[in-house]
Amino acid sequence: MTYVVTENCIRCKYMDCVSVCPVDCFYEGENMLVIHPDECIDCGVCEPECPAEAIKPDAEPGLEKWLALNAEYAKAWPNITLKRDPPADAKEWDGKPGKEDLFSPEPGQGD
């Protein structure tokens with residue numbers, strides 16, 4: 312099992328999770344984070360830290376496309392280990408459905 316960042320991270324991009332990850336397996340895109348599935352040690356400390364509840368264990372049904380997205384973009388985006396402030400409008404986007412269409416493949420700034 313590994314952990315997966317899902318749709319609700321899009322446009323929220325809270326970074327509480329990166330500061331608790333013991334193996335630095337988070338990678339930053341322009342408007343969301345992903346977890347590198349080969350680096351994640353399945354400790355689960357990130358899951359309760361996410362205010363948007365966007366981190367799920369990959370054993371949950373229906374997460375296959377998000378696991379694939381995490382794996383793909385973790386190879387292309389920069390590593391992030393330092394917590395920064397979320398976007399100013401993060402709370403407005405938290406929990407909104409249909410954010411998948413807003414996903415940006417562009418990299419973030421990383422550390």
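Here the sequence shown stands for residues 312 to 422, numbered as in my numbering.
Just so it is clear, CB atoms sit at the ideal spot from N, CA and C, and this is done for glycine as well.
Tell me which same chain residues have a C-beta within less than 7 Å of the C-beta of residue i, skipping the five on either side of it?
i      : result
ALA370 : MET312
CYS354 : PRO333
GLU350 : VAL334 and CYS336
LEU374 : VAL315, THR317 and LYS367
GLU360 : ASP327, CYS328 and VAL331
With 16 as the cutoff for other CB atoms within 10 Å, does residue i come out buried or exposed?
i      : result
ALA365 : buried
LYS410 : buried
ALA363 : buried
GLY406 : exposed
State the DSSP-derived secondary structure class of residue i, mapped to helix, strand or coil.
i      : result
LYS410 : helix
TYR325 : coil
ASN390 : strand
LEU344 : strand
PRO416 : coil
GLU339 : strand
Among residues of its own chain, excluding the 5 on either side of residue i, which ones have a beta-carbon nearer than 8 Å to its beta-carbon?
i      : result
PRO397 : CYS323, LYS324, TYR325 and MET326
ASP422 : PRO389, ASN390, ILE391, THR392 and LEU393
ILE346 : THR313, TYR314, VAL315, VAL316, CYS336, PHE337, TYR338, CYS357, ILE366, ASN381 and ALA385
PRO348 : THR313, VAL315, ASP369, LEU378, ASN381, ALA382 and ALA385
Here's a check: name, in chain order, each residue in its chain whose Cβ is nearer than 6 Å to the Cβ of residue i, leaving out the five neighbours to either side.
i      : result
VAL356 : VAL331
ILE352 : VAL334
MET343 : CYS320, ILE321 and LYS324
Going by DSSP, what residues sit across from residue i in a beta bridge?
i      : result
PRO368 : TYR314
The region 313-323 contacting the region 388-396, beta-carbon criterion three pairs below 8 Å: no
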